[in-house]
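K.L.:
Supplied in structure tokens, the structure appears directly below.
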Amino acid sequence: APPTEPRWSADTANVDEFPEVGKLEQLLGTIADTGAAFPYFRVHEGTIRDTTVIGGRPYLSFGSYNYLGLSGHPAVNEAVHRAVDRYGTSVSASRVLSGERDLTVRLERALTEFLGVGDCLTLVSGHATNVTAIGHLVGPGDLVLHDALSHDSILQGCALSGAARRPFAHNDAEQLEHLLRLNRSRFRRVLIAVEGAYSMDGDLVDLPAVIELKKRYGALLMVDEAHSIGTVGERGRGVGEFFGVARSDVDLWMGTLSKAFASCGGYLGGSVRMVRWLRHTLPGFVYSVGLTPPNAAAALAATELMVAEPHRVGALRRNSELFLGLARAAGLATGSSAHTPIVPCILGDSARTLRVADGLYARGVIADPIFHPAVEEGLSRLRFFVTGEHREEDIRRAVAVLAEEVASAAAR
Ligand code: PMP
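When you line the sequence shown up against full-length UniProt numbering, it's residues 709 to 1120, in that order.
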């Protein structure tokens, strides 16, 4: 037999020498060569609400998910202090064993009511919630159909589940229909995974169309409300409220506690029977520690504030509409953004995006530059997260500075 090439060499046994590690080093070098300030891992010196402080200097921030300004709210902080005094900082076990606390039970009751579902379960991470939930619902012989712009946690969940997966073009119900027609009979379970609000484009799912298809083809539907819960709908109850659909039309309502809820973690909401099954069997819940007391207390206090002070959602909506309207009037490419606090400014080229981000930063405004692979090649963008705390003059200034920086980057 001819000699075969060995399958391994020294670099396969040393992570430092992996080609993908070399690729990152090269990319970091390229960014450094542009002379722009490095736009990631910036160290903030306090709570990021409408403003933040970096290196002792104040910045107007459009770079955090603190949509309702509840992270840093005195009532939330106070609830966390009380929780730490009473329960300490960890529950030190899976909730199945000795990790259950009345605080978390109260949080889940409040969330259940807020979401309008039968029951709900909280987990320590939003990302891990998607990974474990998808892996638990489907497996080999099943299919996941997901929006092409789905978050990494949904893609990881699909990959680890062993189910087949097919993306459909962003918000394209016709293509979803086509895939269902083609594939439904070939698979046992079919799960449709969508997001309430898409974090790169700032648009909403066409939920009524997806619900109609899931019913027609006998599929399951999961909606990730990471960015839509607390921010979308008259009272912030998400896309279910926005579109006026029955909560039971969606099998699994998923969301995170890290954004509007001013905490850290994920939740899964749905029927009483399904959530009981998840509570007793979901690997990422059963084999992981329960939510920490400070995180549970923060999310509970935030939920109570969202119920007691619905005007916060109104302020967020007004600010979002103001930002989007001004950006459109200034001729900026905001894509399909609508009805969400997320406004992209699509610039195409990554070097240009980095220059504009740097120009804004030098003038005291923060917005995240987003490149491939987070978005498609050629669709690099700056992304603005509006909050309910921004003042009108700050929004006007930010859009004016943005328009100037975009124009000056184009002229260079
Ligand atoms: N789903 C979506 C749509 C997200 O955008 C994110 C994070 N931004 C997550 C899940 C993960 O949530 P977390 O950051 O709370 O882990």
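We put the CB at the ideal spot given by N, CA and C, even for glycine.
Remember, predicted model here, so these are calculated numbers, not experimental data.
1) In three-state DSSP terms, what is residue 1018?
2) First and last residue of the alpha helix (DSSP H) that includes residue 866?
3) Can you tell me whether residue 877 is buried or exposed? The criterion is at least 16 other CB atoms within 10 Å of its CB, across all chains shown.
4) Quick one: Cα of residue 922 to Cα of residue 915, how far?
5) When burial is assigned at 16 or more other CB atoms within 10 Å of the CB, is residue 722 buried or exposed?
6) Extract the residue ranges of the beta strand (DSSP E) inside the region 763-849, only unbroken runs of 3 or more that lie entirely within it.
7) Assuming residue 974 and residue 962 make a contact with CB atoms under 8 Å, what is their CB distance in whole Å?
8) Quick check: does the Cβ of residue 934 come within less than 7 Å of any heavy atom belonging to ligand 1?
9) Please name the residue or residues paired with residue 972 in a DSSP beta bridge.
10) Quick check on residue 1097: buried or exposed, where buried means 16 or more other Cβ atoms within 10 Å of its Cβ?
11) Hey, out of 1043, 1070 and 969, whose CA is closest to residue 772's CA?
12) Does the distance from the CB of residue 1006 to the CB of residue 971 come in under 8 Å?
13) Looking at C-alpha atoms only, which residue of 757, 774 and 753 is the closest neighbour of residue 765?
14) Can you give the beta carbon distance from residue 1050 to residue 907, rounded, assuming they're within the 8 Å contact cut?
15) Should residue 956 be labelled buried (16 or more other beta-carbon atoms within 10 Å of its own) or exposed?
16) CB of residue 834 to nearest heavy atom of ligand 1: below 7 Å?
17) Taking buried to mean at least 16 other C-beta atoms within 10 Å of its own C-beta, is residue 1066 buried or exposed?
18) With a floor of 4 residues, list each alpha helix (DSSP H) that falls wholly inside the region 996-1069, ordered by position along the chain.
19) Kindly indicate the opening and closing residues of the alpha helix (DSSP H) around residue 746.
20) Spell out the partners DSSP gives residue 963 in its beta bridges.
21) Can you name, in chain order, every residue of its own chain whose Cβ lies under 7 Å from the Cβ of residue 786, other than the five neighbours on each side?
22) When we look at the beta-carbon of residue 992 and count the other beta-carbons within 10 Å, is it buried (16 or more) or exposed?
23) Could you check if residue 859 belongs to the surroundings of ligand 1, using beta carbon to heavy atom distance under 7 Å?
24) Decide if residue 927 is buried, meaning its Cβ has at least 16 other Cβ atoms within 10 Å, or exposed.
25) Where does residue 739 sit, in a helix, a strand or coil, going by DSSP?
26) May I ask you to report which of helix, strand or coil DSSP gives residue 1089?
27) Per DSSP, what kind of secondary structure is residue 854 in: helix, strand or coil?
28) Assuming the contact rule is C-beta atoms closer than 8 Å, residue 898 and residue 850 should be a hit. Round their C-beta distance to whole Å, please.
29) In this structure, does DSSP put residue 889 in helix, strand or coil?
30) Output the boundary residues of the alpha helix (DSSP H) element that contains residue 1108.
P.N.:
Here's the rundown:
1) coil
2) Secondary structure note for residue 866: its alpha helix (DSSP H) is the uninterrupted segment 860-869.
3) exposed
4) 10 Å
5) exposed
6) The DSSP assignment places 765-769 and 827-831 as complete runs of the beta strand (DSSP E) inside the region 763-849, in order along the chain (cut-off: 3 residues).
7) 7 Å
8) yes
9) According to DSSP, which records beta bridges pairwise, residue 972 is partnered with nothing at all.
10) buried
11) 969
12) yes
13) 753
14) 6 Å
15) exposed
16) yes
17) Burial call: buried.
18) Counting whole runs of 4 or more residues, the region 996-1069 contains the alpha helix (DSSP H) stretches 1001-1016 and 1019-1037.
19) Element bounds for residue 746: n/a, residue is neither H nor E.
20) 975
21) none
22) Of the other Cβ atoms in all chains shown, 16 or more fall within 10 Å of the Cβ of residue 992; this residue is therefore buried.
23) Closer than 7 Å to some heavy atom of ligand 1: that describes the Cβ of residue 859.
24) buried
25) helix
26) Annotated three-state conformation of residue 1089 is strand, per DSSP.
27) strand
28) 7 Å
29) helix
30) 1100-1119
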